[in-house]
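Under my numbering, the sequence shown has 91 at position 87, and the numbering climbs by one with no breaks. Working notes, structure below.
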Amino acid sequence: MKKMLRMIQFSFLENMRNYGIIISSIIPSFVFLIVGLAIKSILKDTDVVSLLLYGQFLPMGLMLLVLSFSFTLNISSFTEKRETKFFDFLSHTDVSKLEFYIGTFAAMLLLFNVFQLPLLFVFLSLVKNMYSHIIPLAVASNLIFIVMYPLGVLISLFIKSLSKVNAIMTPINLILMFSISMPTLFASLLGKEVTAFYKYLFWNPLILLNDFILFEMNVSQKMWLSKEISLLLLFVLFLVFALAVRFFEKEKFRKFENIAQ
Numbered sequence: 005m006k007k008m009l010r011m012i013q014f015s016f017l018e019n020m021r022n023y024g025i026i027i028s029s030i031i032p033s034f035v036f037l038i039v040g041l042a043i044k045s046i047l048k049d050t051d052v053v054s055l056l057l058y059g060q061f062l063p064m065g066l067m068l069l070v071l072s073f074s075f076t077l078n079i080s081s082f083t084e085k086r087e088t089k090f091f092d093f094l095s096h097t098d099v100s101k102l103e104f105y106i107g108t109f110a111a112m113l114l115l116f117n118v119f120q121l122p123l124l125f126v127f128l129s130l131v132k133n134m135y136s137h138i139i140p141l142a143v144a145s146n147l148i149f150i151v152m153y154p155l156g157v158l159i160s161l162f163i164k165s166l167s168k169v170n171a172i173m174t175p176i177n178l179i180l181m182f183s184i185s186m187p188t189l190f191a192s193l194l195g196k197e198v199t200a201f202y203k204y205l206f207w208n209p210l211i212l213l214n215d216f217i218l219f220e221m222n223v224s225q226k227m228w229l230s231k232e233i234s235l236l237l238l239f240v241l242f243l244v245f246a247l248a249v250r251f252f253e254k255e256k257f258r259k260f261e262n263i264a265q
């Protein structure tokens, strides 16, 4: 337990030192908050403001934050560690790779919530007191973060250079984001249920977070999938991603041993 806590502290402080990367990661989410504040001061129709804030800006802000920490920061961190042979150093310490993975995961999750909770608090105070939604939304985004985290680790196994991370992840993040936001916007403009096009977006894990946010904020009348099915799907995805990380890490280690021989 002490080693685990030590790893959490080490990873958290290491991430905090890279404040430039963290600031660039949270800016997009807080831009949506700033735009929301501007719209609230311009528009007087609270129904329109609520629809824009909780149907577009809040989901986009939360999904961007999840992507920034579970993908961009996560992949950058692991790619850098492999590039600098950190895992070779780790093998000569009393910390196992599993303890390291759990420690870095817990630190990143903690860092994610440091920024997520203030974002939620301000968003939910813009129109009226809606603080009762903070816990459900925070739990939902944390669950998506947990599922996306091993996927980020998995992707990092195939990126050899830190300089390539942004070039690879920027288009991936844009596809993941706009494949959800644009169909949702079009459905609203066409007068359809916002979940009308979700059946075409089953491949995107973020769709479950967007689905829950819209339902929780009363933008949609019902969820695309029930909460039970969503939780089951998230568990299966997490298991698949975690097992894939384990498999490909073993494969990379086996190939390295063969080359060394």
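Glycine included, every Cβ here is placed at the ideal spot set by N, Cα and C.
Check, Outcome
"Using beta-carbon positions only, say whether L62 and I217 come within less than 8 angstroms of one another.", "yes"
"Put I184 into one of helix, strand or coil per three-state DSSP.", "helix"
"Looking at K6 and E103, is the spacing between their C-beta atoms short of 8 angstroms?", "no"
"Within the region 124 to 160, note down every full beta strand (DSSP E) run reaching 3 residues or more, in order along the chain.", "none"
"Among S136, T83 and A191, which has the Cα closest to the Cα of L166?", "T83"
"Flag this pair as yes or no: are the beta carbons of S74 and Y153 separated by less than 8 angstroms?", "yes"
"With the cut-off set at 8 angstroms, would you say L71 and L238 are in Cβ contact?", "no"
"Which of the three DSSP states is assigned to V223 in this structure?", "coil"
"DSSP three-state call for Q265: helix, strand or coil?", "Here the model assigns Q265 a pLDDT of 49, short of 50, so the residue's position is not dependable and the matter cannot be decided."
"For L94, I'd like the list of residues in its chain whose CB is within less than 8 angstroms of its CB, leaving aside the five on either flank, ordered along the chain.", "K101 and F104"
"Tell me the DSSP secondary structure of S234 in three-state form.", "helix"
"Can you give me the C-alpha to C-alpha distance between S33 and L124, rounded to a whole angstrom?", "11 angstroms"
"With C-beta atoms as the reference, is N78 less than 8 angstroms away from M134?", "no"
"My understanding is that I176 touches I163, with C-beta atoms under 8 angstroms, so please give their C-beta distance in whole angstroms.", "The pair is not a contact, with the Cβ atoms about 11 angstroms apart (cut-off 8 angstroms)."
"Verify whether the separation of the beta carbon atoms of E87 and L161 is less than 8 angstroms.", "no"
"How big is the Cα-Cα spacing for S136 and L178?", "31 angstroms"
"Taking just the CA atoms, how far does T188 sit from D49?", "21 angstroms"
"Using CA coordinates, which residue listed in I138, F242 and D98 is at the minimum distance from N117?", "I138"
"With 16 as the cutoff for other CB atoms within 10 Å, does D215 come out buried or exposed?", "buried"
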